[in-house]
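Each protein sequence line maps, in turn, to chains A and B. With the working numbering, the residue at position 57 of the first sequence is 57, and numbering never jumps. With the working numbering, the residue at position 214 of the second sequence is 214, and numbering never jumps. Even glycine gets a Cβ: it sits at the ideal position worked out from N, Cα and C. Since the structure is predicted, the reported quantities are computational estimates derived from the model, not experimental observations. See structure below.
Number of protein chains: 2
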Amino acid sequence: MAEDGTPQEIARLLGKCLVFRALDEPARAELATRIRRQSYKAAEPIFHVGAPGHSMMVILQGTVRVSLPSPAGRTIILADLGIGDVLGEVTLLDGRGRSADATAVTNCSLAVLDRRDVMPFLEKRPDVCLTLLELMCARLRRSDERMAEIAFFDLPSRLAKVILEKIKESGAARGKPRLSLSQSELAAMINGTRENVNRCLRDWQRRGFVEMQDRWIVLAREDALRELVDHP
Amino acid sequence: MAEDGTPQEIARLLGKCLVFRALDEPARAELATRIRRQSYKAAEPIFHVGAPGHSMMVILQGTVRVSLPSPAGRTIILADLGIGDVLGEVTLLDGRGRSADATAVTNCSLAVLDRRDVMPFLEKRPDVCLTLLELMCARLRRSDERMAEIAFFDLPSRLAKVILEKIKESGAARGKPRLSLSQSELAAMINGTRENVNRCLRDWQRRGFVEMQDRWIVLAREDALRELVDHP
DNA sequence: TTTTTGGTGTGACGCTCGTCACACGGCATT
DNA sequence: AATGCCGTGTGACGAGCGTCACACCAAAAA
């Protein structure tokens with residue numbers, strides 16, 4: 001963890017953030033003076049579930065993984081967030097403990113906003129409140145959707161879904177669609193075990209749905225995976 | 001479904017609602033003129049998941065069940081809402097389809113607020129926005145929590161938890177703590193089957209944790225159920 | 001080089017839980 | 001009285017998936 005960054009630089013970067021993009025120049029500048037910038041090394045924890053916190057962050061550089069640990073020592077990966085994404089907003093808004101773990105996947109640079117600075121700002125800016133409300137809606141829909149997946153679908157369907165999603169969001173279609181995630185990571189995203197993810201993938205390989213080479217999963221028959229997602 | 005209610009009456013009832021309680025008298029009166037009141041009979045659907053919608057509701061009278069159907073025909077009960085509770089706020093705020101089903105459990109009376117009336121109001125009232133943001137935070141935390149339960153805990157733990165919750169929220173402690181919900185309803189709340197809920201309850205009965213008489217579940221050893229919740 | 005570490009690939013085993021089938025009792029409808 | 005319709009109670013069976021145990025390989029560390 002480290003601090004750096006000038007207000008001017010931060011104001012510019014806030015423009016990349018969905019939540020603050022709508023602000024006019026002076027408002028961004030005002031906010032920027034209240035911001036401190038923090039850096040995290042890859043694999044460094046940013047906060048832990050339950051921890052008290054009074055701040056939210058905007059990702060200026062890098063990738064942050066949001067996850068939830070189980071009492072039994074397993075972990076669900078809730079989301080991987082990138083540049084311009086916001087995290088920690090729930091705790092900032094309701095003042096209760098962190099609702100999940102956040103960890104730096106790569107080296108990261110975050111803009112940190114404190115509750116005592118943001119709340120007065122929000123009270124003057126209903127437009128920003130509405131943007132935040134939209135963000136919260138999106139979060140809630142995603143959360144409900146994930147719950148429905150875990151509750152209603154079997155492991156292969158969930159795996160197919162997450163693979164299609166991750167390929168879509170990561171790769172513009174230069175070359176064949178492919179994905180590089182460890183089987184353990186995939187397992188943690190779909191609430192399954194590494195072993196079963198492996199068995200499922202090899203099964204698909206035998207059936208020609210995917211190819212696996214050099215730790216890349218290459219999508220050979222997107223239609224087959226989509227079929228698995230829609231149809232039980 | 002039916003309509004009735006005068007603005008004065010509605011303004012008074014809005015005072016019972018967490019979200020609008022903070023408003024001053026004139027603001028509530030203004031809002032009340034924009035509200036229409038609708039009634040639903042027991043078991044009548046209020047809206048269905050995916051349906052377009054531009055309104056949110058405040059429950060003035062009765063109980064509303066929010067649930068999510070699976071493609072395979074099963075159903076998860078997400079929440080039972082009572083007087084003063086708000087529903088449909090996600091769709092009002094982001095303008096997308098309903099994120100769940102809502103059904104009247106008892107005869108209900110709802111105050112319906114339309115997007116085109118509420119949004120201008122919110123733009124002038126950041127304090128109401130902030131209250132809504134708090135509501136959304138609570139919703140999001142609940143949603144994440146439910147997901148964690150389904151993902152991390154086995155059926156008996158989930159059942160114990162929901163029984164303890166429902167007893168707590170329904171019954172002030174006059175007499176022994178008890179609960180009257182059908183086993184099918186319990187099953188739908190914890191994403192399990194009616195059969196396994198039955199087996200679990202009878203097992204607890206044999207062990208003296210609960211008694212079951214005349215379709216009431218009587219809690220005999222709260223400590224034992226708490227143990228099940230905390231410890232896998 | 002040897003060791004360690006982390007990802008991968010597989011088999012065996014067993015538990016949980018969903019599914020199906022069927023029985024019983026109460027209550028409302030006819 | 002006869003007929004549904006719930007809600008409840010149970011047994012048998014099997015699929016899905018978690019767990020454990022182990023082998024293989026490559027890259028990093030020693």
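Below-9 Å beta-carbon distance, residue i vs any chain B residue
i       : result
P52(A)  : no
F20(A)  : no
C137(A) : yes
K161(A) : no
E278(A) : What is shown of chain A runs 1 to 232, which leaves residue 278(A) out entirely.
P7(A)   : no
I76(A)  : yes
P156(A) : no
M212(A) : no
L68(A)  : yes
S182(A) : no
A100(A) : yes
S143(A) : yes
A72(A)  : yes
Test: residue i CB closer than 9 Å to a CB of chain A
i       : result
M189(B) : no
K176(B) : no
I217(B) : no
L228(B) : no
F152(B) : yes
L132(B) : yes
R96(B)  : yes
K255(B) : Coverage of chain B is limited to positions 1 through 232, which leaves residue 255(B) absent and any answer about it impossible.
R36(B)  : no
D127(B) : yes
L140(B) : yes
L186(B) : no
R146(B) : yes
M57(B)  : no
A43(B)  : no
V90(B)  : yes
G14(B)  : Correcting the residue type first, residue 14(B) is Leu in the shown sequence and not Gly. No, L14(B) lies away from the interface with chain A (no Cβ there is under 9 Å from its Cβ).
L31(B)  : no
L93(B)  : yes
Beta-bridge partners of residue i, as assigned by DSSP
i       : result
M212(B) : I217(B)
C108(B) : Y40(B)
I144(B) : Reading off the sequence shown, one finds Asp at residue 144(B), where the question assumed Ile. Answer is none; D144(B) lacks a bridge partner.
L81(A)  : V64(A)
S233(A) : Residue 233(A) lies beyond the residue range present for chain A, which begins at 1 and ends at 232; the question has no answer from this structure.
L87(A)  : M57(A)
P26(A)  : Looking at the DSSP assignment, P26(A) forms no beta bridge with any residue, so it has no partner.
I76(A)  : L68(A)
P45(B)  : T103(B)
L179(B) : I217(B)
Cut-off 7 Å between Cβ atoms - residues of its own chain near residue i, not counting five sequence neighbours on either side
i       : result
A224(B) : F209
H48(B)  : R98, D101
S109(A) : R37, S39, L60, Q61, G62
R194(B) : Q183, S184, A187
With 16 other Cβ atoms within 10 Å as the buried cut-off, status of residue i
i       : result
G62(A)  : buried
G175(A) : exposed
R283(B) : A query on residue 283(B) cannot be resolved here, the shown segment of chain B reaching from 1 to 232 and no further.
K41(B)  : exposed
D214(B) : exposed
E227(B) : exposed
Q183(B) : buried
A188(A) : buried
S180(A) : exposed
T33(B)  : exposed
T103(A) : buried
P71(B)  : exposed
A43(B)  : exposed
R202(B) : exposed
R146(B) : buried
E89(B)  : buried
Sequence-distant residues of the same chain with beta carbon closer than 6 Å to residue i, five excluded per side
i       : result
M212(B) : Q205
I234(A) : There is no way to answer for residue 234(A), as the model of chain A reaches only from 1 to 232.
Neighbourhood of residue i by C-beta, 8 Å cutoff - its chain only, sequence neighbours within 5 removed
i       : result
C240(A) : Missing from the structure shown is residue 240(A); chain A here goes from 1 to 232 and no further.
I167(A) : P177, R178, L179, L219
G171(A) : P177, R178, L179
Three-pair Cβ contact test at 8 Å for the segment 91 to 99 of chain A versus the segment 117 to 137 of chain B: Put simply, the segment 91 to 99 of chain A touches the segment 117 to 137 of chain B. At least three CB pairs are less than 8 Å apart.
Three CB pairs or more closer than 8 Å across the segment 48 to 57 of chain B and the segment 11 to 18 of chain B: No contact exists between the segment 48 to 57 of chain B and the segment 11 to 18 of chain B.
Three-pair Cβ contact test at 8 Å for the segment 140 to 151 of chain B versus the segment 147 to 156 of chain A: Result yes; three or more Cβ-Cβ pairs closer than 8 Å.
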